[in-house]
Structures are given as C-alpha cells and as structure tokens.
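Residue numbers (our numbering): 49 to 555. We put the beta carbon where it would ideally sit given N, CA and C, even for glycine. Every value quoted in this text rests on a predicted model; they were computed, and no experiment measured them.
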C-alpha cells in the first residue's frame, strides 16, 4: 500500500460518507441513540418535578399559614402566596434535578470511557497473545499489520521495514523501505497500483524523525508527495514507529478511519507498537538463531564431504592414472579406465561445487577455470587459458549458473585431453552485458559429429542438455584431422535474451 502523500480529494462530506459515518437523526441532528437518551432524561425529570411538588404541597400550605396568616385571609391573597411558593418549589426542584442529571451524565460518560479503555486493553491483550504464538518472521510482520488495522479501526494499514544502510547513507533519493507488509488491499488492488512505497513523503518523515505523526488530511502536510495511479483515496493518517531498545524495527502506517484518528487511537497504537516491536525483535532473533544453526550444519556437511568423500575419490583417480601410465593394457581396457577417470573427475567437480553451495560461497569464474585446468591436466599437457580483457562477469552470478557452465567446460576439456591427441588446446571466454560465450578448441585428430556414437558416451548430449537448460546453444564443429571446436553461448541470468545462431569454428 502506498500512503506516501495525498492527491486531491472530494469534499469533506463525501469523504466522511465514504468512510462510513453514521447518518444524522431528524431530532436536533443527534444520532438515534443519543436522541432517545435525551428524551428519556427529559421525561424522567418531569416526572420527578411533578412528584416532588405533590409531596411538598402540604408543607407549603402549612408554612404559608404560619408565615403569612394575614395574606391568606382573602382568597386572592391565598392564591398569590400559593402560586409564588409553587413556582419557587418547582424551580428549586428543577434546578436540583438538573444538577443531579448533569452529574449522572458525567458519571455515565466516565463509565463509558472506562469501558472503552477496558475494551481496548482487552483487545490489546488478545492481540499480543496472538502475536506471541507466531514465530516465523514474515508471519509475525503480517500479523502485526493486520492486528493493528483491526485494533484501531482503520481501513488500510502497512508495516514498513527500514533499510538502515540507505537511511544512514544520507542519500535523499535512496529508498528507505526494504520491505513492506500491507493490510486492507486485495492482491488485485496491489497489482493495479504497481510499485510499492519506497519511504518518501509522509512515510519518510516518520522514518527519519522516529516519532508518531497523526493527520486529519494527508494532502495538507507539506511533506506529501502524492499517490501513484489506481491508488485508493486516503485522508486521515496515523504513523507510529516500532521501537525496541532504542532501535526502530519497523513503522506502522494506518489510514482512513471514520471520523479521523483520536488521541486515544494514537495512545493505543503506540502501546501496541511497543509490544509488537518486542515480538518482531524476538522473531528476528529466532530467525537468526535458526539460520546460524543451519549454517553450522551446512559447514559440517561441507567439511565431511571435503575431508572424507572428496579425498577418497581423489585417491582412487590418482591410482587409476598411475595404473594407466605404468601398466600395459588392451585398448578396450584402457578406454574403460579413461572413462572411469573422467567420471571421477566430473564427480569431484560436482562435489566441489556442492560444497561451495553449502558454504554460500561465490564462485570466481576466472579462478574456477584455472583450477579446473589444473585438476584435469595433472600431466601438464599444452593447455592455454585465454582470458578476456575483463575476465569477471558484469555482475554477480548465481552459483548454479556458474556451476553448470563450468561442468560444460570440464566435459569439453576432458574430451580434448583424453581423446584429441592435440598439440594445443585453448580455453577462452568473453562476456557481454547480456550473455557469456565459452570456447574449447584443439588441433587434434578431430571426429565426425554426425557419425554414430557409442550409446555409453553421453558427453556431447550432456553438453547440449546443460546449454538448453540455461536457455543457450552449443556448437560442436569438427572434422577428422582438423581439430575440434566446442562453443557454448548462454544468456546471463539477469538478462532476457533470445540467443541467436552461433558463429562457426572459424569465427
């Protein structure tokens, strides 16, 4: 939800009507419940005045005979004295009951205020209990914003998580919110709005000043920056920082409440924000502990793979290579041992990539190719690694992408080392802003790519499958006695590219 400013609105009467305000009553402009209560109090006062007057009438007559016997001697005098005493008694009675009624109304209002505060505290306690049963960080954040909207009675609410690095950088154009959780808007409404708020306008003011801001009309504030297209209209606003141990863990933004936000709403929201901040901080700590435990377990598995499985495979491959170099073998046996060595090398490479995945380590592409050549070429055959002018990619690459490309290079280089009988092998690559092209070329004996192959040799098929999985293409160009070129071109993960035909081996 974007509540970073305010656009032009309809008139106050329209906005209040859409906000769901109650229609006025025909009696003095009061709501029906208030009008009925006022009429009941008036009828009750009249009954009491009449009753008290009847009770006081004998006492009034007795006092008149005692105080004014002369005046009561005539009918006219008696009537005058009786009228005066009746008016005085009625006026005194009316005055007293007006005072009593006013005190009663004050007591009722105080009782209603206490009951409202009790209801708010009950709702706050229930909300806090609900949050305390949730441990997933994302679920806690969404529950906080949903609960705040219901607790305060707002139509829309959002919870923004501040990007501390952007805030401390001082860059006025840097987005201050790294994530935001929304309540009150359907997914379709959010999709129509498009971009989420970045922490500018009123939202940025709450972030930078770390204080509560309560407004009746967003568009009247000088920090307002407007709404994006398809955004619902919003006027009243309440922004509250969520602070835990002098650290702002998030900000609550509430908008559109019938009649606007009151001081009691602000106090309730601030109390809830303090309690919610504790829950969010605990959920963050729980997530960090869980992540640390997972990282420790991943490191343990990586260490066991490196010190155990990988070293065992390396010993087996070394023994096979020694066997191949020292013992005479039939051609079929020699091919079988060579295939076993290639398979072990590929398996070891995949285990190394898997270890890097477990450790979350970034693979340096240029260094990885050099390491690959060293591992596949223990006999130091003539292999040239031709690095481009800029050997590193234009951006950080995902480990699975890099791993797949390196497996392709391993397959092509292993074939050249073991089968080509080449005097020169060259590995080269270059980057563009959108794709990577890698070539492995040799001047060896070559082969016919269209000739039937042993079904147990799946190297070329695997290379094509890997390239296709990355949305790229492979060219395999070779002729008997003329060497071989294997070239792969794949789009970088961050680019959307339809890879066109690759150049031929002479390019």
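Pull up the distance between the alpha-carbon of residue i and that of residue j, whole angstroms please.
i, j, result
"residue 320", "residue 196", "8 Å"
"residue 297", "residue 288", "11 Å"
"residue 208", "residue 363", "55 Å"
"residue 332", "residue 317", "21 Å"
"residue 459", "residue 499", "19 Å"
"residue 392", "residue 429", "19 Å"
"residue 205", "residue 314", "14 Å"
"residue 200", "residue 512", "60 Å"
"residue 277", "residue 473", "59 Å"
"residue 248", "residue 437", "42 Å"
"residue 143", "residue 305", "41 Å"
"residue 54", "residue 323", "In this prediction, residue 54 scores a pLDDT of 38, lower than 50, which makes its location untrustworthy; the coordinate-derived value is nonetheless stated afterwards. Each residue's Cα considered, the two are about 30 Å apart."
"residue 457", "residue 488", "7 Å"
"residue 124", "residue 139", "22 Å"
"residue 282", "residue 515", "51 Å"
"residue 533", "residue 347", "39 Å"
"residue 341", "residue 186", "19 Å"
"residue 256", "residue 263", "17 Å"
"residue 234", "residue 335", "28 Å"
"residue 69", "residue 444", "Interpretation of residue 69 is limited by its pLDDT of 38, a score under 50 that renders its predicted location unreliable; the figure taken from the coordinates is listed afterwards. Rounded to whole angstroms, residue 69 to residue 444 spans 55 Å at the Cα level."
"residue 345", "residue 326", "29 Å"
"residue 127", "residue 146", "28 Å"
"residue 149", "residue 173", "35 Å"
"residue 203", "residue 307", "12 Å"
Given that a residue counts as buried once 16 or more other Cβ atoms are within 10 Å of its Cβ, and exposed if not, what is residue i?
i, result
"residue 431", "buried"
"residue 151", "exposed"
"residue 231", "buried"
"residue 528", "exposed"
"residue 162", "exposed"
"residue 292", "buried"
"residue 417", "buried"
"residue 380", "exposed"
"residue 246", "buried"
"residue 378", "exposed"
"residue 284", "buried"
"residue 279", "buried"
"residue 132", "exposed"
"residue 217", "exposed"
"residue 463", "buried"
"residue 555", "Because residue 555 sits at a pLDDT of 35, beneath the cut-off of 50, its placement in the model cannot be relied upon, and the point is left open."
"residue 536", "buried"
"residue 522", "buried"
"residue 526", "buried"
"residue 266", "buried"
"residue 520", "buried"
"residue 484", "buried"
"residue 531", "buried"
"residue 252", "buried"
"residue 337", "exposed"
"residue 343", "exposed"
Just to confirm before moving on: does the CB-CB distance between residue i and residue j stay below 8 Å?
i, j, result
"residue 224", "residue 214", "yes"
"residue 311", "residue 286", "no"
"residue 434", "residue 475", "yes"
"residue 493", "residue 540", "no"
"residue 250", "residue 272", "yes"
"residue 328", "residue 290", "yes"
"residue 424", "residue 461", "yes"
"residue 491", "residue 517", "no"
"residue 420", "residue 396", "no"
"residue 357", "residue 299", "no"
"residue 389", "residue 365", "yes"
"residue 403", "residue 354", "yes"
"residue 4", "residue 405", "Residue 4 cannot be examined here, being either before or after the span of the chain that is shown, 49 to 555."
"residue 244", "residue 228", "yes"
"residue 401", "residue 440", "no"
"residue 382", "residue 368", "no"
"residue 386", "residue 466", "yes"
"residue 486", "residue 479", "no"
Based on the DSSP secondary-structure assignment, which residues constitute the bridge partners of residue i?
i, result
"residue 490", "473 and 532"
"residue 231", "205"
"residue 524", "534"
"residue 263", "285"
"residue 225", "210"
"residue 434", "476"
"residue 539", "483"
Contact criterion: CB-CB distance below 8 Å. Does residue i meet it with respect to chain B?
i, result
"residue 148", "Here there is only one protein chain, and chain B is not present."
Within the stretch 269–306, ranges of the beta strand (DSSP E) (whole runs, at least 3 residues) = The qualifying runs are 285–292 and 295–303.
Mind pulling the alpha helix (DSSP H) runs of 4 or more residues that sit fully within the stretch 304–336?
-> Annotation: the stretch 304–336 contains no complete segment of the alpha helix (DSSP H) (minimum length 4 residues).
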